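Report on the structure given below.
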Amino acid sequence: MKVGHAAVSFIVPRKLCHDLFAYHCTISAGAPLRKKPQAEALHWFPTGEADFSDTEILFCALALHLKSFGSVQELNNWVEKVLLSQEEAQQLKEKWKPPTTGEAGWGLRNKVSLLFEPLQFALVDCSWQGAELDRLGAAMQMWDGRGTVDRVREGNLRYYLKNPPLGRRADKKTKAPPRWRTWCVVELASFMKKHGCELRKLLGAVLELERCDNLPTADERIAAAKKTIHQLKMELEGVKAEAQRQLRIAERKQIETQREVRRARDAHRKAATRMSSKNCAVTEARKAERERMKQRVRDTCERIRADRRKAIDEFRATSAEELLRRKEELESRAADDMEKLRKGLNVARKRAREAEKETAKIERKLQRVQKKLDECHQQVEDEEMEESSCAEETSSQLPFELLPRRDDRGRWQAEAPEIRALRMSFRSFYQRLKFPLHVHGKTTS
215 MKVGHAAVSF IVPRKLCHDL FAYHCTISAG APLRKKPQAE ALHWFPTGEA
265 DFSDTEILFC ALALHLKSFG SVQELNNWVE KVLLSQEEAQ QLKEKWKPPT
315 TGEAGWGLRN KVSLLFEPLQ FALVDCSWQG AELDRLGAAM QMWDGRGTVD
365 RVREGNLRYY LKNPPLGRRA DKKTKAPPRW RTWCVVELAS FMKKHGCELR
415 KLLGAVLELE RCDNLPTADE RIAAAKKTIH QLKMELEGVK AEAQRQLRIA
465 ERKQIETQRE VRRARDAHRK AATRMSSKNC AVTEARKAER ERMKQRVRDT
515 CERIRADRRK AIDEFRATSA EELLRRKEEL ESRAADDMEK LRKGLNVARK
565 RAREAEKETA KIERKLQRVQ KKLDECHQQV EDEEMEESSC AEETSSQLPF
615 ELLPRRDDRG RWQAEAPEIR ALRMSFRSFY QRLKFPLHVH GKTTS
């Protein structure tokens, strides 16, 4: 649409023409102008040179979980490496410098220390979609803890990413670095180590949402929490009232129980007293009964002893004569027995003397026979000596009485009749005397 004079002309956009026409109609009708309500400015991070706020720490932690170039284990390892310098960084603050040796050396991009490389990737090198930033803001809104903020969406977060705020400078001669390249990275690592699992659960819940514009704000959550607390307090009051009622009932029951216990104790005490009195009476009765029994036993023993003494006296008096008579009879019988024994002893002595005489005679006779036997043996030996000189085989050198009953060929040979008769007579005689017979070293009965 062309607007202007003949000398000057320019083209006005259609939308602007529509707005001008509406404005002209409003002025012509005399109606007041209505201005669009402007949204209240959202200041969710400090401007100028400052350290990380709690909101910025929460945003960086969520961004690292969404845009990390490694796994969760690698992110946890990075957190552990950063926390190695926690004590030094908290002491030096803005004067702290990250270590540049070993695993924490300089990276390949823009000479950034490896401790800041995940933040460099997530906040500077990585590209963010609008839906991702909206869900990140929703997660910051749904966070229950320090750093939560409401109504942070794509525009606020994209402005923060394009214009990163500066941290405190170490001295006046150097430039202020971005906040994510200061000592505040230690605070971020400590926050991630403490709430890493909760942050991952929160991101998982946010990614499942269909829309992020109807989430409850912090005030609404606080109001809901206060309402819940009020309901819980009311329930607690009801529970307390019920507990008080139950306590009163229990106290009444306790009082009744104590009364019953006192009654039972009194009854037990009275029963114990009665039992003690009864036991004492029974004990006294038993004691008296034992005394009576003892006295009865003593009387009986005295009566028995008296009867025994009386019986002994009577027996002594009645049996004295009987004892004298029996004594005389025993003495006369003993005298007769002694006389018989004396006569038997004399007879035995006489028999012994006769046996001794007979034994002496037999011994003398035996000596004479033995002498004859010896002579016979000597004669036989002499004859055998003479025969042995002529014969080829020699006979035995044993004495005559020890010659075997078998000859050299093993045949049985008879005994000389004189020797046999003499031996049998000696044997019969000694059997009558019951004395053993010794013949040439042998004992016969």
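Counting from 215, one number per residue, gives the positions in the sequence shown under this note's numbering. The beta carbon of each residue, even a glycine, is placed where N, CA and C say it ideally should be. Owing to the predicted nature of the structure, the values given are computational and were not obtained by experimental measurement.
Local conformation of residue i per DSSP, three classes
{"i": "residue 329", "result": "helix"}
{"i": "residue 380", "result": "strand"}
{"i": "residue 359", "result": "coil"}
{"i": "residue 748", "result": "Since the first and last residues shown for the chain are 215 and 659, residue 748 lies out of range."}
{"i": "residue 472", "result": "helix"}
{"i": "residue 267", "result": "coil"}
{"i": "residue 343", "result": "coil"}
{"i": "residue 639", "result": "helix"}
{"i": "residue 645", "result": "helix"}
{"i": "residue 623", "result": "coil"}
{"i": "residue 491", "result": "helix"}
{"i": "residue 387", "result": "coil"}
{"i": "residue 282", "result": "coil"}
{"i": "residue 311", "result": "coil"}
{"i": "residue 485", "result": "helix"}
Bridge partners - residue i, DSSP secondary structure assignment
{"i": "residue 260", "result": "DSSP output for residue 260 lists no bridge partner at all."}
{"i": "residue 631", "result": "DSSP output for residue 631 lists no bridge partner at all."}
{"i": "residue 392", "result": "380"}
Start-to-end residues for the alpha helix (DSSP H) that takes in residue i
{"i": "residue 290", "result": "286-297"}
{"i": "residue 303", "result": "300-306"}
{"i": "residue 414", "result": "398-421"}
{"i": "residue 365", "result": "No alpha helix (DSSP H) contains residue 365, which DSSP labels as neither H nor E."}
{"i": "residue 335", "result": "From DSSP, residue 335 is part of no alpha helix (DSSP H); its letter is neither H nor E."}
Same chain, Cβ closer than 8 Å to residue i, neighbours up to 5 away in sequence not counted
{"i": "residue 660", "result": "The structure shown does not extend to residue 660, since the chain is modelled only from 215 to 659, so the question has no answer here."}
{"i": "residue 643", "result": "576"}
{"i": "residue 486", "result": "none"}
{"i": "residue 253", "result": "Interpretation of residue 253 is limited by its pLDDT of 45, a score under 50 that renders its predicted location unreliable; no figure is taken from the coordinates."}
Cβ-based neighbour list, residue i, same chain, cut-off 7 Å, excluding 5 preceding and 5 following
{"i": "residue 452", "result": "none"}
{"i": "residue 403", "result": "293, 296, 297"}
{"i": "residue 502", "result": "none"}
{"i": "residue 258", "result": "269, 363, 366, 370"}
{"i": "residue 204", "result": "The chain is shown from 215 up to 659; residue 204 falls before or after that span and cannot be answered."}
{"i": "residue 392", "result": "378, 380, 381"}
{"i": "residue 417", "result": "276, 279, 280, 353"}
Contact set for residue i: own chain, Cβ-Cβ below 6 Å, skip 5 residues either direction
{"i": "residue 483", "result": "none"}
{"i": "residue 355", "result": "364, 429"}
{"i": "residue 308", "result": "382, 384"}
{"i": "residue 263", "result": "380, 382, 390"}
{"i": "residue 303", "result": "310, 397, 400"}
Heavy atom of the ligand ATP within 7 Å of residue i beta-carbon
{"i": "residue 361", "result": "Only the bare structure without any ligand can be found here, which leaves the ligand ATP out of the picture."}
Contact with chain D by residue i, beta-carbon distance below 8 Å
{"i": "residue 367", "result": "Considering every chain present, this structure includes no chain D. It has just one protein chain."}
The region 365-385 / the region 394-413 touching (three or more Cβ pairs under 8 Å): yes
How do the region 265-279 and the region 343-363 stand: do at least 3 beta-carbon pairs fall below 8 Å, yes or no? yes
Assess, as a yes-or-no matter, whether the region 342-353 is touched by the region 433-442 under the definition of 3 or more beta carbon pairs within less than 8 Å. no
Check whether the region 402-421 and the region 275-293 touch, using three or more Cβ-Cβ pairs below 8 Å as the test. yes
Would you call the region 337-348 in contact with the region 372-379, where contact means no fewer than 3 C-beta pairs closer than 8 Å? yes
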